[in-house]
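Structure, as structure tokens:
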Amino acid sequence: MKINIYYGGRGLIEDTTIYVMNKLTDVLEELRVEVNRYNLYEDKMNISVLPNTLKEADGVILATPVEWFGIGGYMQQFLDACWLYGDKEKIKKTYMFPLVMATTYGEREAQHTLIKSWEMLGGIALEGMCAYVEDNVEFETDPDYASAIENKAEMFYRAVNQKRKLFPSSMSEVKNSVLKNTNIDLTPQESEQLSKYVSDDTYVKQQKQDIEELTQMFKQMMGGTGEQVINEDVYISKLRISFQPMKDFEASYAIQLIDKNKILVIEIAGEQLKCYYGEKEDAEVFAKLTSELFGKIIEGSITFQKAFMSGELTAKGNFKTLRMFDTIFQFGDQ
10 MKINIYYGGR GLIEDTTIYV MNKLTDVLEE LRVEVNRYNL YEDKMNISVL
60 PNTLKEADGV ILATPVEWFG IGGYMQQFLD ACWLYGDKEK IKKTYMFPLV
110 MATTYGEREA QHTLIKSWEM LGGIALEGMC AYVEDNVEFE TDPDYASAIE
160 NKAEMFYRAV NQKRKLFPSS MSEVKNSVLK NTNIDLTPQE SEQLSKYVSD
210 DTYVKQQKQD IEELTQMFKQ MMGGTGEQVI NEDVYISKLR ISFQPMKDFE
260 ASYAIQLIDK NKILVIEIAG EQLKCYYGEK EDAEVFAKLT SELFGKIIEG
310 SITFQKAFMS GELTAKGNFK TLRMFDTIFQ FGDQ
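Start counting at 1 in the sequence shown, then tack on 9, and there's your number in our numbering.
Encoded structure:
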């Protein structure tokens, strides 16, 4: 048997939730259960992929403290991810034990929230346990509380091991008739892949940038005509995609596309990149070349430096900055 614990607190030493989780883990491991704990505050950048860890679990413990109001942001993010990316067929067969330890009012409401959330996901929610703890030391040293926690762990084990059937809940009917998942109908494998993309900040940032560039391109196409507009936007898009920022590096380039009668201005300030068509009289590097040659550069067929050395590209200004062009922009294999 495999049980996963998802802890939604902040990992504070005085959090009694940690003590209870440890007691539950000890009892379950004595019963030869494999227990895996996931601290959401440590995995906060990857919460969207954590529903994938439910696949091998027979049961889960959703553990969260109540420090102010409700179940807290980390646990809510995890449940949101289960709704968006979790394998609902697997969740239907998974038992959930809610664990709520509160230092303020609201432990029963938080317990009810966890139960209702799991039932809305289609899973099997047990009663679990909740408590208000005024003094964590007194609670953790009381043998009666320790015994009660051990009894709860044994009850959870029996429910999962025996595949105990619970009385039907109206929530399942509400889920079927009212709660409609408006997301694209994806297979479990597609949901898993999508959750990985969502957790990848680099991917998300790139997608936003690409959307912004496409929006800008279509705006310009609506205001102008012809192939020239499309080609010019391809240059800017390729520059942004290939940009490799360097800390504290600042530079400016003015690249004249002779046959287009346009000047492409590139301004770099650390991680900031600006590309636009216009004038920049104080640019550190002034370069002249054809759009065909610039197309070869951004495709990686030839480097900026090599084009300059061959005489196909003429330039003036700061030649150290000129040489840095191929470092800041890495096109293809070059």
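Glycine is no exception: its CB is placed at the ideal position from the N, C-alpha and C atoms.
- Spatial neighbours of ALA263 in its own chain (CB-CB distance under 6 Å, excluding positions within 5 residues in sequence) are listed in chain order as ILE272, VAL274, LYS289, ALA292 and PHE295.
- 8 Å or more divides the Cβ of ALA90 from the Cβ of LYS11.
- Sequence-distant partners of MET30 (beyond 5 residues in either direction) whose C-beta falls short of 8 Å from its own C-beta, in its chain, are ILE14, TYR16, ARG46, ILE70, ALA72 and LEU108.
- With a cutoff of 8 Å on beta-carbon distance, ILE267 and LEU298 are scored as near each other.
- In this structure LEU40 is exposed. Its beta-carbon is surrounded by fewer than 16 other beta-carbon atoms within 10 angstroms.
- In the DSSP assignment, VAL75 falls within the unbroken beta strand (DSSP E) covering 68-75.
- PHE295 carries a strand assignment under DSSP once its states are collapsed to helix, strand and coil.
- With at least 16 other beta carbons inside 10 angstroms of its own, GLU116 counts as buried.
- Here the alpha carbon of GLY82 sits roughly 36 Å from the alpha carbon of SER251.
- Counting only the Cα atoms, ASP144 lies some 24 Å from HIS121.
- Going by C-alpha positions, ALA278 is about 23 Å away from PHE303.
- By alpha-carbon distance to ILE245, the top candidate from ILE306, GLY18 and GLU118 is ILE306.
- DSSP lists ILE264 and TYR286 as the bridge partner or partners of LEU273.
- Under DSSP, ASN61 shares a beta bridge with no residue.
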